Structure formats: structure tokens, C-alpha cells
Amino acid sequence: MHIQELILRLQRFWADRGCLIGQPYDLEKGAGTMNPLTFFGALGSKPWNVAYVEPSRRPADGRYGENPFRVYKHLQFQVILKPSPAKVQDLYIESLEALGIDLSKHDLRFEEDNWESPSLGAWGVGWQVVLDGMEISQFTYFQQVGGLDCRPVSAELTYGIERICMFLGGYDNIFDLIHGNVTTDDGVFPVTYGQMRQREEFELSAYSFEHANLDLHRQLFDAYEAEGWHLVKDLGHFLSAYEQALKMSHTFNVLDARGAVSTTERPGIIKRVRDLACACARAYLAHAEGASVPADAAGKGGAK
Amino acid sequence: MSATKTFLLELHCEEIPARFLGPLHISFAGLFSLKFGVTKFEGLYYSPRKLAWVFPNLPVLQPDQTETQVGPPQRMCVDADGKPTLQGLKFAEKWGVDFSAVRFEQPAGKKEPCAVVTLTKPGRPTVELLAEALPGLIAGLHVPKAMRWGSSEFEFVRPIRNLLCLFGEQVVPLTVDGVTATNTTWGHRLFHRQHPDPVQIASPEAYEGALEAAGVVVSVEARRKRIAEQLESLAAEAGGRVVADAELLDTLAEIVEFPKVVRGDFPADFLRLPKEVLVTSLREHQKSFCIEKPDGTDLLPCFLTAANREDDPEGFVKAGNEWVLKARLYDARFFFAEDRKHPLSDRLEKLKALTFQRELGSYHEKTGRVVALTKMLATRLSKDDAHIERALEAARMAKCDLRTLMVGEFPELQGVMGGEYLRHERAHEEVWKAVKEHYRPAGADDAIPSTPMGCLLSLCDKLDTVVGCFAVGLIPSGSKDPLALRRAGQGIVRILWEQAWPMTLADLVETALKVVAPKATKPEAETREALLAFFKDRVAYQLELAKYAGSVRRSTMAVGWLDLLDLKVRCENLSLFSEDPRFASLGQSAKRIGNILKDETPVNDFKADLLVEPAEINLVKHLGRVESQHDLIVTLNHLAELADPLEAFFSAVMVKCDDPALRATRLSLLHRLRQAFLRVADFSLWQ
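Which chain is which? The protein sequence lines are A and B, in order.
So the number in the working numbering is just where the residue sits in the first sequence, counting from 1, plus 7.
So the number in the working numbering is just where the residue sits in the second sequence, counting from 1, plus 915.
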């Protein structure tokens, strides 16, 4: 199946089941969870169903476009269902069937895999979904986001788009995947993932492993942090402040890929991102629900 | 016998993590037994989506309850003629009995006889009690990582989606977090693709069979057995045998509801990877077993794993697992090739950037300390300079593999990879084997390294870890031992115990304290004291593992445990007597001696010619034989022969007699006896 076909089918499926179809957020981020549609959507009491594609950047996973399985940037398809429906597993299974996977012939398992994002102050419990031995999705019941308990609880489904396409088509190289066909007066031209992205993988890997200016990134990290705190603390602007937290997170990832962050430094840096993200979460909740959220209502803290 | 019925409860959940299934099953069974007084349940019924218990022989009715009600004094309830008064009649009426049922007794705390009735409440139906108690028992289950779901505040390990609860054929009326109990449940997901309705369970007895028909083997033991059988036959078919892994077998049994073992193949050129890499990669990434040749040497290019269904009609399961595994093995081969582009020793410098522990510094610094320790201890064990130099080489290389790609991917291959890379570099066999095995023993079930050099390296590494951590205040307490120092300490004791090296624990602690001194943040005396207490516990546990009787363990340790060689000899020999009644008697006597000498300052005031009683003269004769003996086993025989004379002594002789000189002599005699005992053990702790 072509990548674009897979995306279209997932969007159709979830739209038909009462989800808004969202769009990727136009800032670099490591996972679909960081999109405000999820980060803020999972907070508060209002019902919220949304599905969207999110390109996710993991600078340390970059392989210059040479590794058939690992890439700097991959596509996640993200679904948030709040509150988590009683039949959420069945819904997920139906979505696989909508992709043409006949489950009567495959082995599907939900194996424990608990998710945690220390830089978002978020964690949940759930599974990796394994199809014939291959991990194709993450399935999480959010327990906390932005350091706040989720009430009600959202279910988050994350599909690894390239992986599923490779698996379904039996591809041994991600760059051989077909994104889709370009049809012109002269004929039909299939376009591969490699044509679309291999050069990008090379340049972005080279950038994050070799060329990124470390001093600049350290300065940027500090500057985004200061800007973010000014926005959320002085003005109560949680959306623009949250963007600063996202930029901090990505800047940290670049520094980390360059090996510029020591193991002892790491928790402190992650905490600086988390503190800002958590402040944004509290400000959002105060705005959206009119609730004042004292610091001590910030859940039971940490993974239980 | 009153009537009984069988009770069945099944919590049908979304997939429960395998590691919680067993503990949750046991913990509920315990709570239930405590409440309902039945301890026997049938089968370990749990699967990824089910936790179920079947308790046979619960009484249908609870036992009758009696209670006693006390009323007014007798004199107010009956008049002079013995007829009931108005007050007496009212009391009977209040409790709904005829006045003839009223007795007169003097209850505790009353000054005169009072009216008393005994009421019998018929026992309640057990089903009512179940309905009342179960929601609390279920909610009260301790879940290590609990979650909430949907809009509810209820917490459990995973969402509960169905509740099956039967007492005999009757549904126990019960609701947990909005889910109401019925006599139905759900089978395997694949089964319900053709059968949309839930599965009816007529009675607890029909439970296991009905689920099997719906595609779920609910007993984990049955699933484990089926997997083991299939593994064996498929491995034989492939011309080999399964590389045994009990933990992996348990895991597979816990993550499938209907097990089907599937065999897959991988390209044979991956067999050039070290065996450990293949076994680890298959286990960690794909929960798969390797197959080795019947002689246990090489692996075959195939693997076995369990699918959660009864067949693989189109070969998708096989093909999918092969596809993923190939990707993983490509990765492993890439790591193996990349790592060998540079000699392992190149990583030594890179260890500077890898923190071992904040206060104790990098792995580079740790390596320096381990080398220093190895040097000090190796020179005591060997006079061969070349051999000592090889031991130091092994110590220098031991941690280098932490900076290799392979160990980055598979941390559990630490040590193994270092050894393998050194072997490929044609290092001396002693060196690569020592590095390869220096993390052993990994636990009580694991062997110590197979070579003396491996043992020495393992000992020095662990000694540095334990002493170093103690020196910066990281001391295990209660259940908190994040750095697994107890396991490391146990490893040190095991190695000394099995190698029988002439080194005392006190000596090792001193040596290591000196080496780690520049990093220490705590006063040395404090650290030393904590370390000795720590090692004493480890030694005590080692004696338990060696299965010595409690009497032997307590009494031998009490007179010294730092020298394991000496302790082991005493334990071995004393064990020959652990059932000997004469030693039990000796124990009693030793206790008496201890009591008598408790308030006495020991004096050497023994004058044999003062003794008068035949029993004491006889005792002195026997004691002399013990004191003049140096062979341990002969000493123990003499000690055994001391038991009767000692008993005779205590029944005939008054130690603290009035004559001060005689008394002093007798006390000195007891003191000598005690000294003779303590050469071997403190027998007062025998019992």
C-alpha cells in the first residue's frame, strides 16, 4: 500500500468514528504527542477526539539515509480519544482491518509498554501492539500530561506509518516504499519515499551530527526558555509559551545527538523543558476551565 | 456435612502485563482465603486478558451465630413466688423469646445474677457475603502500577471489561466500576469474529472446558506445558534442541491465550555472530528461542516463538517474525562489524565520559581502582609475573565494551562482548575469558566465573563497587538496593567460598577502603563498620545457601566469620554432628555456663586438687582431652563425649558454693570449658 493511501484510509476511518481530522503542527518535534491538539486536548474535562499525521524528528536516529530501517524523521499517525471509549481496543482493531489487514490470518498481541515523556511531564500505561512479531503501534492511556492528572483519561493510538507500509508490502528498505503516484499527461510515475526524503535524511543527519553550531544551540535553548517564561508568567499566554518549550525540546535533541549533553547534565536540562511545559498546562487549564490549579493539585507526581 | 458449592470469579480485562499476572493471582487468592476460610483453589487460571479463581467447597450457608444478651438483675425479673415480673416479661419480649428461655446467671462484671438470653441467628447465605465482600477485595488488590481509564476514578492494572461470577450455577450479584457480574465471558478475539455473542458459563466446573472451546487455554500451566512440548518436537524436527530459557518460556505462556509455536528461519550467514548475540537478540527483540545442534555447540539458522492463535494458515506469522528478525540481525551484524573496526582498548579513553557513579567518578576511574585492587590481590595469589600482568590486562579491558555499539543495544551482553572482541583480537585465553565472565555470578542460580582469573577480576570489580558505594554513603536499606550491592556482595562471598582463597573479608575491605579513599565522602570508621555488618549478612546467607542446619550456622558464625576458609571447615565438620543429641545437651550446658559466668569476671584460679566431687574430677579429665587436641574432627568427637560428664557435673555439683576457693576453682573450670567450646562454635546458640 502507498503511504498516502494508508494515511487517507486512517483519516477516513477515524473521521467516520467521530474524530476531528487535525493537521501537523508546524514546529519540529520528537513525537505526535507534542502537538498542542494532544498536549492541551488531553487536559481538562471536555470531550475531545482528534486524529492527525505528525512528522516526528529524532536527530539521534538519523543515519544519513543509509540505514534501511532507521531515519531522522518519520511519520506518526496519532489518534486521541477522550474519554477513552469502552471499546477502544475493538475500534483500533477495526482500523487495522480498514487498512486491509485480515486479522483472521495474523497474530495480534498487546504487549506491555508504558509511555513516559519526561520533557512534557507526561506518562501513561499501555502497550506496544505487535503484529506477527512486528511493533506497529503504541497504545497509551494517559494518566498525566503537563504534570496534571488526566480526568477523564484519554486513549492515545500512535501508528508508525512507514513501518506498517514496509510490513504490509514486505519491503526491506524504507526508501523503496512508494509514497504515491504522480499522474501527468505523459503517464503515471510512482514516487518513492527515497525520492521524497533520502536527501533530506542525509542533510539533516549531517546537520545534527556534524554541523549544528553547539554554542548557538546552547544560546537558543536559554533564549527560548526565557522567552517562554516571560510569555506564560507575565502574560498568561500558554500557546506561544508552549511553542518555546517545543523549541527547547528540539534544541536539546540536536545537542544530544552531537553528544554535547553529559549524562549528569541531562536530567537537569529535561527538567527545564518540563517546568515550562507544566506551567503552560496549568495556565491552559485555568483558561479553559476557569479553574485555578494550585501547584499541589498537580497529581501524585511521577510514574506510579 | 452441610452443602457446599464451587465459587468462580473471572476478571476479564484488556491485556494485563505478563509480570503482574502471577502476583495478582496469588494476592487475590490470599485475600479471599483470609475472608472465606478456604485455601484450596483449582489451577492457576490467568491469561493476558483474564484473572480467574475457582474455589471448591464453599458452604452454601455460613455457620449459625449466637449472641448473648444480658438484662436486669434476677430479683427484678422474678417475684418472691418465682413468677415473672412485668420487667422480666418485657425483657423476654424485647428479644422475641418466651420467658421460659430466659436464664439467670451472673455475668462477668455484675454483682448478682441477671436475666440472660442466648439468641441464635441462622447463618447467612454465602452468596450474600460474596456479593458484599468481593467489590472490596477486588478494589483492595495491590497493583504495583495502577491506572485509571475513561471517566472513572476506579484504579486497576488494566480496564476491567467483563465480570463473570458464579456460586454454583447462581450469578453472584455484584458490580465493580459499573461492570455487573453475569454468567458469561469472552473467549479469544479470533473466536468472536465468527461468534459475536459472549460465552455462557453454566457452572464453575464447566469454566475451563467452555473457554478452551472458545479458543482460550485459561490455565497458565497448561499453556506452558503445551508450548514446551511443541518447542521440543519442532526443535527435534529441525534436527536440534531448544536452547533452554525457563524465564522466556514463562513469558511466552503469559502473553498468549492459545499457544501455537511457530518455526522461522534466518539466513545462515548470521551464524557468524557470537552465539550469545544471537540468543540475546532473539530473546529480547522477538521473544524467540534458538535451536542448537544436539551436541550443544553451534546454533541452527532457525528460531521458535509462540503465536497467540491455533494455526498459521497463510504463513503470515512465520513470515512476519522472520522479516522483523532479519532487520534485527542486520543491526546486530552492523554493530559487530563496526565495533571490531577498532581494538577494544581504544575505548579505554572513552570511558572517561561514562559516569559510573556521581561521587565515584567515571568508568575510567573505576577501571583504575579495579586494576590497583587486582594488582594487590594477584600478587598474593601468584608469583608468576606473566600471569599477574595478564590479570592486570583483563582488569584494564573489563569495562571497555560499555562503549561498544553492541552493548549499547544489548546492555545484558556487557562482559560477554568484551570477551568476544578480545578473543577475535587473539588476546590470551585467560584474559578474554576473565573479561567475558567477570559479571558472574549474576544471581544465586548463576555459577561463578569458570577460571581463577575470571574470579579474581569479578571479585575486584564487585569489591570496588560495594566498598566505593558505601564510602559515599550509598548503603542498601530495607527493600532499597538500587545498585544491587547485595547481589555484588553475595558474589564476593560466593567466590571466596568456592575458591577457598586465603584472604579474609576484613583484609579485603581494608585493601579496598585504601584504594577508594580519595573518593570517600564518609568517615572511614563508619564505612568500615557498615561494610562489616553488610558482609556478615552476606556470609550468613551463604551458609543458608550451603544448607547448613540453623544450629551449625548460628553457633559457628558467632565465634568468627571473616575468615571464610576457617568458617567453612568448622561448618562442614560440625554439620556431621548437627543431629547428634549430645550436641543438643552440650548446647543446654553451654547456656548454663553462660548464665553462671554472666556476672563473673574471668579469673584463672583453677586448683585441681581442690575438687572433691567425682563428677567434676571426671569432667576435668574429659576437658583436658579437648584442650590438648588440635585436629578439628577429633576435637568435635571429644566435645561430644563431654556432654554426659557435663550433665552429671551440673546435677551433682553446686558451682557457687560457700567455700570461696572451691567456688573460684569451679568458676575457672567453667571458664576453661567455655574457651574450649569457642575454639569451634558458640554452643549456647545451638538451639
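Where a beta carbon is used, it is the ideal one built from N, C-alpha and C, also for glycine.
Predicted model only: the values in this text are computed from it and were never measured.
Cβ-Cβ distance between residue i and residue j below 8 Å
| i | j | result |
| --- | --- | --- |
| GLY153 of chain A | LEU50 of chain A | yes |
| LEU1079 of chain B | LEU959 of chain B | no |
| VAL160 of chain A | TYR148 of chain A | yes |
| PHE1564 of chain B | GLU1515 of chain B | no |
| ILE171 of chain A | LEU13 of chain A | yes |
| LEU1480 of chain B | PRO1529 of chain B | no |
| GLU1412 of chain B | LYS1513 of chain B | The question names Glu, but residue 1412 of chain B is Trp in the sequence shown. Taking 8 Å as the Cβ cut-off, TRP1412 of chain B and LYS1513 of chain B do not qualify as a contacting pair. |
| LEU1372 of chain B | HIS1353 of chain B | yes |
| GLY1102 of chain B | LEU1126 of chain B | yes |
| ALA264 of chain A | PRO66 of chain A | yes |
Contacts that residue i makes with chain A (C-beta to C-beta distance below 7 Å)
| i | result |
| --- | --- |
| SER1066 of chain B | PRO90, PRO159 |
| VAL1239 of chain B | GLY140, MET141 |
| LYS1025 of chain B | By Cβ distance, chain A contributes nothing, its closest Cβ being about 54 Å from LYS1025 of chain B, past 7 Å. |
| MET1062 of chain B | VAL132, TYR148, GLN150 |
Residue-chain proximity (residue i, chain A), Cβ-Cβ < 8 Å
| i | result |
| --- | --- |
| ARG1139 of chain B | no |
| PRO1397 of chain B | no |
| ASN863 of chain B | A query on residue 863 of chain B cannot be resolved here, the shown segment of chain B reaching from 916 to 1602 and no further. |
| PRO1174 of chain B | no |
| GLU1229 of chain B | yes |
| THR1220 of chain B | yes |
| MET916 of chain B | Since pLDDT at MET916 of chain B reaches only 47, below the 50 mark, its modelled position is unreliable, and the value read off the structure follows with that caveat. Taking Cβ atoms only, chain A never reaches closer than 8 Å to MET916 of chain B, which makes this a no. |
| GLY1276 of chain B | no |
| GLN984 of chain B | no |
CB contact check: residue i to chain B, cutoff 8 Å
| i | result |
| --- | --- |
| ARG70 of chain A | no |
| TRP134 of chain A | yes |
| ALA264 of chain A | no |
| SER111 of chain A | yes |
| TYR291 of chain A | no |
| TYR99 of chain A | no |
| GLN96 of chain A | yes |
Buried/exposed call for residue i, threshold 16 Cβ in 10 Å
| i | result |
| --- | --- |
| ALA22 of chain A | exposed |
| GLY192 of chain A | According to the sequence shown, residue 192 of chain A is Asp rather than Gly. Flag for ASP192 of chain A reads exposed. |
| GLU217 of chain A | exposed |
| MET1332 of chain B | buried |
| ALA310 of chain A | For ALA310 of chain A, the predicted structure reports a pLDDT of 35, less than 50, and the residue's modelled location is therefore unreliable. The matter cannot be settled from this model. |
| SER1543 of chain B | exposed |
| MET1569 of chain B | exposed |
| SER1148 of chain B | exposed |
| VAL78 of chain A | buried |
| ARG1257 of chain B | Here the sequence assigns His to residue 1257 of chain B, which means Arg is not the residue at that position. That one is exposed. |
| ALA304 of chain A | With a pLDDT of 42 at ALA304 of chain A, under the threshold of 50, the predicted position of this residue should be treated as unreliable, though the coordinate-derived value follows. The residue in question, ALA304 of chain A, is exposed, as its Cβ has fewer than 16 Cβ neighbours within 10 Å. |
| PHE196 of chain A | exposed |
| SER299 of chain A | Residue confidence is low: SER299 of chain A scores 48 on pLDDT, short of 50, so the model does not pin down where it sits. Its coordinate-derived value is still stated next. Exposed: under 16 other Cβ atoms inside 10 Å. |
| ASN1236 of chain B | buried |
| ILE1142 of chain B | buried |
| HIS1545 of chain B | exposed |
| GLN135 of chain A | buried |
| THR981 of chain B | exposed |
| ARG1104 of chain B | buried |
Residues that residue i contacts on chain B, provided the C-beta gap is smaller than 9 Å
| i | result |
| --- | --- |
| PHE216 of chain A | By Cβ distance, chain B contributes nothing, its closest Cβ being about 15 Å from PHE216 of chain A, past 9 Å. |
| GLY177 of chain A | ALA1234, TRP1238 |
| GLN145 of chain A | By Cβ distance, chain B contributes nothing, its closest Cβ being about 14 Å from GLN145 of chain A, past 9 Å. |
Under 8 Å from the C-beta of residue i: neighbouring residues of chain A
| i | result |
| --- | --- |
| ASN1223 of chain B | ASP114, LEU115, ARG116 |
The ligand ZN heavy atom lying under 7 Å from the CB of residue i
| i | result |
| --- | --- |
| ARG170 of chain A | As far as ligands go, the structure on display features none, and thus does not contain the ligand ZN. |
Beta-carbon neighbours of residue i, restricted to chain A and to distances below 9 Å
| i | result |
| --- | --- |
| PRO1040 of chain B | The contacting residues do not exist; PRO1040 of chain B stays about 32 Å from chain A at best. |
Interface partners of residue i on chain B, CB under 7 Å
| i | result |
| --- | --- |
| PHE76 of chain A | ALA1242 |
| GLN4 of chain A | Given that chain A is displayed from residue 8 to residue 311, the structure contains no residue 4 of chain A and the question cannot be resolved. |
Beta-carbon neighbours of residue i, restricted to chain B and to distances below 8 Å
| i | result |
| --- | --- |
| GLU119 of chain A | GLU930, PRO932, ALA933, ARG934 |
Using a Cβ-Cβ cutoff of 8 Å, what residues of the stretch 1324-1340 of chain B are near chain A? List them in chain order.
none
Of all the residues that make up the stretch 988-1000 of chain B, which are near chain A by a beta-carbon distance shorter than 7 Å?
Hits within the stretch: zero.
Interface residues of the stretch 1099-1124 of chain B facing chain A [CB-CB below 7 Å]:
So the close ones are LEU1105, ARG1108.
Along the stretch 1156-1174 of chain B, what residues have a CB closer than 7 Å to any CB found in chain A?
ILE1170
Note down, in chain order, all residues in the stretch 1181-1211 of chain B with a beta-carbon under 7 Å from any beta-carbon belonging to chain A.
GLN1201
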